[in-house]
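Notes follow once the structure below has been shown.
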């Protein structure tokens, strides 16, 4: 910064700019072409293909009540063309001049969002103005994302402290099972608590074998998933199936309306008319995010996950912290599992979590081991799933199986195209042995 | 807090190089003992579960404090009957053997081999990927795609006897290789972790199959059920021991595949490269090997092997594709690979063992009512305990050493 002392002092000021590495030309043009294509598709197929008279009719709130919002009615043809032109313009600018590295994700997000709005308007307008329940779509997205969020938070708790958790699925399954069983015997609240405990016990097994017996953690996770699947299936067949009335008919946790907040238009019915598991998820998102980056526990957790030896040297109890985090993670995943039984349908069925734990694991990695990123990934997946369901109702003709692939294909593209080589916490999966 | 510090196995995996030859004999002997004891522990836990699930034992336990002995005799009876049925379903059943037919004598063994065939092939797929440092959870999707490709050639093409079978088998291998190759390609090109991509590809394959089972030309008439056309007789794998037994020449295919994997890993340059990449990708890269190409190659081969598992399912065991053609093979294959310690010979034995457990489990469920899920529990416990020999050593107070299975196999996210 300062000129050499021996040189005569001049009034020349050396300004050191932070030079940003520009995107490579190929990548710049590539991203631009994607936007141009989206815009073009939007103009041609979502705009011009619609009759000039038909309107898009989007529903954003309940028909009556305090949270009522008037439905949005726009000309279908105009909106498709208008939004398409905006996306097109973004793409052309990107090819010609290029947005910088920091703007790029936002530009892409806006481009995709506009395309999505145009698409939803198209879905509504092509059916000559069928009402499209956008609120319902978003509600479904959140509902599908909640267990993924809880599972992903469980993964983050474990992996930030250096224990790979591939067993999220098993922990969720155990939670779902315990929730249904004890929810039937002793009521919903006890069911919820039992789900947490069951998940924590699965977490304890993971911790014990990973931390004390130094078993390869990826292998361990897979084996524990098989174990949980077998054990819950066994007990289901042996007890819950024959005595369904007594052991597998828990009361479903009812929705609780949060005073004041639930009458906010759109957001109220979307977020504040849910059951307790969903509210727990909100709280946990904030708690984990704040705790991980703003508290002593969080600093220690991250230290142990990145460099356990250094952490040990300054007096942090590495193994104890790992045990605690893995068990807590298991409990959180167990709550996520409870969402599948007492949180929505009540009864347990074999393999009721249906691979959601693995999707949650993908969300952890996709979100780069940060709570916010993982929540975003879970919401994205939830939205893709909800969109899939909506399209299969509103757009007959697309085979439902192809729509069902949508969330998974989207995840592959996201992981391969956007995320690529991610960096896990440096000591993730490495057992720590003192000395 | 108290890690077993005195334990020589307790070195972090990064610091543990390939075991020197001097310790090899001792290691092998120990691993056999540990495997056997892992078995015993898993079966004991399974026995407890059988007793818990048995209605008679449940009834007796209600007056446990008056007549505790009743509970134990009932439990013993349930466990005995359960494991006897398991044995009868898997190895030899005196009741069916008494009618003197070949099927009566060899039926259970035949069932074991039928169940073992796809497990061996799937295990080889997962094990080979392990050796190259990749964790292939995509067995399910690869099995499905193998079955779809082989089935399509089997019922849609019309060819002479031997050629049709060969074409269908090759098509199945290509189908699996394609599906595995996608994951390998993505890993090599973009670094996308194979655990995620293979899991997602499983779902994509399942839904693709669901779609195909609703398309004319693939779906069997009268188009009411989600089931495919029937594979032509020319394309089926011929039975090994006559028509009365289900065991088919897919078993030969599996054994040949095991020999191939053995040759690949221990006798070929490619195998050396794959193992080098698996042991330490940075060292391999420094030595001038293309890590990316290895990832793609190994996933192609692993996918083809899993595809062959699908082939034996559709051309041998069944002749029509249904939605659950995979039958859990993709995930069971992981446990087979782990139990077999990713060695071709070991994986054949592990496949036979789990095949026997599956065959016996079916018999156990039908004759004693014990849910077949018990097999899954036993299977996972066996692998869990052989992966943690320290637990077995602690239970039986053994003074042996040896590293747990899988320690060198699967890499973490940064691997």
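Protein chains in written order, with my numbering: chain E, 49 to 483; chain F, 1395 to 1809. No residue lacks a Cβ here, since even glycine has one placed at the ideal position from N, Cα and C.
Spatially closest choice to residue i from the options, by CA coordinates
i                       : options                        : result
residue 1741 of chain F : F/1629, F/1750, F/1727, F/1619 : F/1727
residue 1722 of chain F : F/1430, F/1711, F/1513, F/1476 : F/1513
residue 221 of chain E  : E/471, E/434, E/399, E/424     : E/399
residue 412 of chain E  : E/356, E/447, E/296, E/470     : E/470
residue 1628 of chain F : F/1571, F/1568, F/1545         : F/1545
residue 456 of chain E  : E/432, E/80, E/81              : E/432
residue 240 of chain E  : E/328, E/310, E/192, E/283     : E/328
residue 1729 of chain F : E/270, E/203, E/144, E/138     : E/270
residue 1683 of chain F : F/1694, F/1693, F/1666, F/1695 : F/1666
residue 544 of chain E  : E/196, E/224, E/430, E/474     : Nothing can be reported for residue 544 of chain E: it is not among the residues displayed for chain E, which extend from 49 to 483.
residue 233 of chain E  : E/345, E/354, E/294, E/73      : E/294
residue 224 of chain E  : E/453, E/283, E/459, E/364     : E/283
residue 127 of chain E  : E/101, E/292, E/450, E/377     : E/101
residue 1717 of chain F : F/1635, F/1606, F/1783         : F/1606
residue 402 of chain E  : F/1481, F/1505, F/1596         : F/1596
Chain F contact residues for residue i, given Cβ-Cβ distances below 8 Å
i                      : result
residue 453 of chain E : 1597, 1598, 1601, 1602
residue 459 of chain E : 1590, 1594
residue 3 of chain E   : No statement about residue 3 of chain E is possible, as the shown extent of chain E runs from 49 to 483 and does not include it.
residue 450 of chain E : 1601, 1605
residue 410 of chain E : 1590, 1593, 1594
Whole-Å CB distance - residue i paired with residue j, under 8 Å assumed
i                       : j                       : result
residue 1775 of chain F : residue 1540 of chain F : Not confirmed; about 30 Å, so no contact.
residue 219 of chain E  : residue 382 of chain E  : 6 Å
residue 373 of chain E  : residue 206 of chain E  : 6 Å
residue 199 of chain E  : residue 212 of chain E  : That belief does not hold up - the Cβ atoms of residue 199 of chain E and residue 212 of chain E are roughly 14 Å apart, past 8 Å.
residue 209 of chain E  : residue 369 of chain E  : 6 Å
residue 253 of chain E  : residue 272 of chain E  : 6 Å
residue 1443 of chain F : residue 1785 of chain F : Their Cβ separation, rounded to whole angstroms, is 19 Å, which puts residue 1443 of chain F and residue 1785 of chain F out of contact at 8 Å.
residue 338 of chain E  : residue 201 of chain E  : So it is not a contact: roughly 13 Å between Cβ atoms.
residue 1714 of chain F : residue 1622 of chain F : 5 Å
residue 134 of chain E  : residue 106 of chain E  : Residue 134 of chain E to residue 106 of chain E, Cβ: 18 Å. No contact.
residue 378 of chain E  : residue 251 of chain E  : 2 Å
residue 480 of chain E  : residue 366 of chain E  : 5 Å
Contact set between residue i and chain E, taken where Cβ atoms lie within less than 9 Å
i                       : result
residue 1443 of chain F : 279, 282, 283, 286
residue 1781 of chain F : 257, 261, 263, 264, 267, 268, 271
residue 1729 of chain F : 270, 271, 274
residue 1647 of chain F : Correct list: empty, because the minimum Cβ distance to chain E is about 26 Å.
residue 1659 of chain F : In chain order: nothing, as chain E lies at least about 19 Å away.
Residues that residue i contacts on chain E, provided the C-beta gap is smaller than 7 Å
i                       : result
residue 1512 of chain F : Result: empty, since nearest Cβ-Cβ is about 17 Å, beyond 7 Å.
residue 1771 of chain F : 275, 278, 279, 282
residue 1529 of chain F : 266
residue 1774 of chain F : 271, 274, 275, 278
residue 1777 of chain F : 271
residue 1725 of chain F : 274
Residues bridged to residue i (per DSSP)
i                       : result
residue 106 of chain E  : E/120, E/180
residue 1633 of chain F : F/1642
residue 1621 of chain F : F/1716
residue 1610 of chain F : F/1613
Contacts of residue i in chain E (Cβ-Cβ under 8 Å)
i                       : result
residue 1587 of chain F : 413, 463, 470
residue 1785 of chain F : 257, 261
residue 1673 of chain F : The contacting residues do not exist; residue 1673 of chain F stays about 15 Å from chain E at best.
Cross-chain neighbours of residue i in chain C, by beta carbon under 8 Å
i                       : result
residue 1768 of chain F : Here the protein chains are E and F, and chain C is not one of them.
Contact test: residue i Cβ vs the ligand MN heavy atom, cutoff 7 Å
i                      : result
residue 385 of chain E : No copy of the ligand MN occurs in the structure displayed, which carries no ligand at all.
Partners in chain F for residue i, counting only beta-carbon separations shorter than 7 Å
i                      : result
residue 406 of chain E : 1593
residue 6 of chain E   : Residue 6 of chain E is absent from the model: chain E starts at 49 and stops at 483.
Between the stretch 1749-1764 of chain F and the stretch 1531-1551 of chain F, do at least 3 Cβ pairs fall closer than 8 Å?
no
Check whether the stretch 1673-1685 of chain F and the stretch 1634-1654 of chain F touch, using three or more Cβ-Cβ pairs below 8 Å as the test.
no
Check whether the stretch 92-99 of chain E touches the stretch 154-170 of chain E, counting contact only when three or more Cβ pairs, one atom from each stretch, lie closer than 8 Å.
yes
May I ask you to verify whether the stretch 1698-1718 of chain F touches the stretch 1564-1584 of chain F, counting CB pairs closer than 8 Å and requiring at least 3?
yes
Would you say the stretch 291-304 of chain E touches the stretch 227-235 of chain E, given that touching needs at least three Cβ pairs under 8 Å?
yes
Segment contact, 8 Å Cβ cut-off, at least three pairs: the stretch 307-316 of chain E with the stretch 109-125 of chain E
yes
Should the stretch 1519-1528 of chain F be regarded as contacting the stretch 1728-1737 of chain F, the criterion being three or more beta carbon pairs within less than 8 Å?
yes
Spell out a yes or no on whether the stretch 76-85 of chain E and the stretch 137-156 of chain E are touching, meaning 3 or more CB-CB pairs, one atom from each, closer than 8 Å.
yes
Contact between the stretch 1449-1457 of chain F and the stretch 1474-1492 of chain F is defined here as three or more beta-carbon pairs at a separation below 8 Å; is this criterion met?
no
Specify whether the stretch 1609-1623 of chain F and the stretch 421-437 of chain E touch according to this definition: at least 3 beta carbon pairs, one from each stretch, less than 8 Å apart.
no
Check whether the stretch 423-430 of chain E touches the stretch 179-198 of chain E, taking contact to mean three or more Cβ pairs, one atom from each stretch, closer than 8 Å.
yes
Report yes or no: do three or more beta-carbon pairs, one from the stretch 1630-1640 of chain F and one from the stretch 1500-1511 of chain F, lie closer than 8 Å?
yes
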